[in-house]
Amino acid sequence: VQLQACGGGLVQAGDSLRLSCAASGRTYFVSWFRQAPPKAQEFVAVISWDGRSTTYADSVKGRFTISRDNAKNTVYLQMNSLKPEDTAVYYCAAGVSYTQYGGGYDYWGPGTPVTVSS
Numbered sequence: 045v046q047l048q049a050c051g052g053g054l055v056q057a058g059d060s061l062r063l064s065c066a067a068s069g070r071t072y073f074v075s076w077f078r079q080a081p082p083k084a085q086e087f088v089a090v091i092s093w094d095g096r097s098t099t100y101a102d103s104v105k106g107r108f109t110i111s112r113d114n115a116k117n118t119v120y121l122q123m124n125s126l127k128p129e130d131t132a133v134y135y136c137a138a139g140v141s142y143t144q145y146g147g148g149y150d151y152w153g154p155g156t157p158v159t160v161s162s
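In this text, residue positions in the sequence shown follow my numbering: the first is 45, and each later residue adds one.
Printed below as a string of structure tokens:
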């Protein structure tokens, strides 16, 4: 499975962005992670194959929403009320485990950068 994330950009604090993660085939569990060097990679959100289960990092809970359209093999991350601390490269990952651990995912896409100015 190949993943391609897009939708990142430069926005101001308080703005919204929607990231998309398009897969070349069927995916099961899909997560979004982010990394802002020199910080470590950070889990953002995960969604189950049927979209019924989602989990968010405390830092984004209430502001970000993960969703999926299996007919399009695409997972979305709606990001509202963006803050400067959300600035990072965002990656989507797919695997067969419902986990917040990056090592639990088999497939990763290239990241899409998000920059939030204050």
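We treat Cβ as the ideally placed atom computed from N, Cα and C, and that holds for glycine.
Here the structure is a predicted model, which is why all the values come from computation and not from measurement.
Would you grab the beta carbon distance between residue i and residue j for me? Rounded to a whole angstrom, and I think it's under 8 Å.
i           : j           : result
residue 137 : residue 158 : At roughly 16 Å, the Cβ-Cβ gap does not stay under 8 Å, so residue 137 and residue 158 are not in contact.
residue 123 : residue 61  : 5 Å
residue 121 : residue 63  : 4 Å
residue 108 : residue 88  : 7 Å
residue 95  : residue 111 : 7 Å
residue 142 : residue 77  : Incorrect: roughly 14 Å between the Cβ atoms, too far for contact.
Would you mind stating whether residue i and residue j have Cβ atoms separated by less than 7 Å?
i           : j           : result
residue 130 : residue 90  : no
residue 52  : residue 156 : yes
residue 79  : residue 146 : no
residue 69  : residue 104 : no
residue 57  : residue 154 : no
So, with DSSP's three-state summary, where would you put residue i?
i           : result
residue 139 : strand
Tell me residue i's beta-bridge partners as DSSP assigns them.
i           : result
residue 121 : 63 and 110
residue 98  : 91
residue 129 : None; residue 129 has no bridge partner.
residue 134 : 78 and 156
residue 151 : 138
Could you tell me which uninterrupted beta strand (DSSP E) segments, each at least 3 residues in length, are contained entirely in the segment 45-72, listed from first to last along the chain? Within the segment 45-72, the complete beta strand (DSSP E) runs of at least 3 residues are 47-50, 54-56 and 61-67.
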